[in-house]
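Novice:
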Amino acid sequence: MTSGIGFVMERFASRLLVAAAWLACAPACSSPAERVRPLLIDPGFENAVLAPSPVRGWYSDDASAGRLRITSDSSARREGAGSLRVEVVEPRDPGEGRASLSQVVTLSPGAPRRYELSVALRASVAEPLRLAVYVWDGNEARELATQDVAAGSDWTPATIRFEVPAGHDRFGVFLYLPNSQGATVWLDAARLEARS
Ligand SMILES: [Ca+2]
Numbered sequence: 190m191t192s193g194i195g196f197v198m199e200r201f202a203s204r205l206l207v208a209a210a211w212l213a214c215a216p217a218c219s220s221p222a223e224r225v226r227p228l229l230i231d232p233g234f235e236n237a238v239l240a241p242s243p244v245r246g247w248y249s250d251d252a253s254a255g256r257l258r259i260t261s262d263s264s265a266r267r268e269g270a271g272s273l274r275v276e277v278v279e280p281r282d283p284g285e286g287r288a289s290l291s292q293v294v295t296l297s298p299g300a301p302r303r304y305e306l307s308v309a310l311r312a313s314v315a316e317p318l319r320l321a322v323y324v325w326d327g328n329e330a331r332e333l334a335t336q337d338v339a340a341g342s343d344w345t346p347a348t349i350r351f352e353v354p355a356g357h358d359r360f361g362v363f364l365y366l367p368n369s370q371g372a373t374v375w376l377d378a379a380r381l382e383a384r385s
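Under the working numbering, the first residue of the sequence shown is numbered 190, with each subsequent residue one higher.
(1) Could you name the residues whose beta carbon sits closer than 6 Å to any heavy atom belonging to ligand 1, keeping them in chain order?
(2) In or out: Q370 buried (at least 16 other Cβ within 10 Å) or exposed?
(3) For the candidate residues G255, A315 and L306, whose alpha-carbon lies nearest to that of A288?
(4) When the distance is taken between beta carbons, is A252 closer than 8 Å to L239?
(5) Please state whether DSSP places A334 in a helix, a strand or coil.
(6) Using a Cβ-Cβ cutoff of less than 8 Å, which residues in the same chain neighbour S219 once the five nearest sequence positions on both sides are dropped?
(7) Assign A270 to buried or exposed, taking buried as 16 or more other Cβ atoms, counted over all protein chains shown, within 10 Å of its Cβ.
(8) Given A213, which residues of its chain have a CB within under 7 Å of its CB, disregarding the five upstream and five downstream residues?
(9) In terms of residue numbering, what span does the alpha helix (DSSP H) encompassing D251 cover?
(10) Which residues in the same chain as E268 place their Cβ atom closer than 7 Å to its Cβ, once the five residues preceding and following it in sequence are excluded?
(11) When burial is assigned at 16 or more other CB atoms within 10 Å of the CB, is P367 buried or exposed?
(12) Using a 10 Å radius around the Cβ and a threshold of 16 neighbouring Cβ atoms, would you call D326 buried or exposed?
In structure tokens, the structure reads:
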């Protein structure tokens, strides 16, 4: 795990990158259907091709930049036909944060504010993954919840609960990957459910 100032800078850099991608899509990428979508798109990671923006499904600018190799893996699955296999082909440089997969969720008016997010993980390395949820105040990301998970060769559940603050109808779900060349992570069975 990274710690101290380096960790803060890493997270700041990641947030700026994600915020840029996120803001670039809003509102142009938001159709009326997306504005009322309450839950995750492709929670079972059945699509081997990532979405072109985080409001349309699982997204990663690291994948489009060639830093990640994304495939569907039918031999390692928690549910459905397969899991999403993510291999780190080219780690980010020190200080540039970690690669991530993300998805933006838009709440419909009157939707619940408290949620539980979970995902099943496997990893080829001991380096932990990080599950996190953010909202944005302008360009500034505000973390609502986070958890580090050291996944192994068996499916490991990661779960966090959070409350979407008043004045926000969108939040981002992020999964930060290990930053080691060749590290491989499998993702499956994500859930986003309202909690009282
Ligand atoms: Ca699946």
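Note that beta-carbon positions come from the ideal geometry of N, C-alpha and C, so glycine has one too.
Specialist: According to the structure data:
(1) My final list is G233, F234, E235, R266, E268, G269, G271, S272 and D377.
(2) An exposed status is given to Q370, since fewer than 16 other beta-carbon atoms sit within 10 Å of its beta-carbon.
(3) Checking every option, the nearest Cα to that of A288 belongs to G255.
(4) Pairing L239 with A252 gives a Cβ-Cβ distance under 8 Å.
(5) Note: A334 maps to strand in three-state DSSP.
(6) In this prediction, S219 scores a pLDDT of 45, lower than 50, which makes its location untrustworthy; no coordinate-derived value is stated.
(7) Counting Cβ neighbours within 10 Å, A270 comes out exposed, since fewer than 16 surround it.
(8) With a pLDDT of 49 at A213, under the threshold of 50, the predicted position of this residue should be treated as unreliable, and no value is reported.
(9) For D251, the enclosing alpha helix (DSSP H) has its first and last residue at D250 to S253.
(10) The residues are G233, D377 and A378.
(11) Under this definition P367 is a buried residue.
(12) Here D326 is exposed, its C-beta having fewer than 16 other C-beta atoms within 10 Å.
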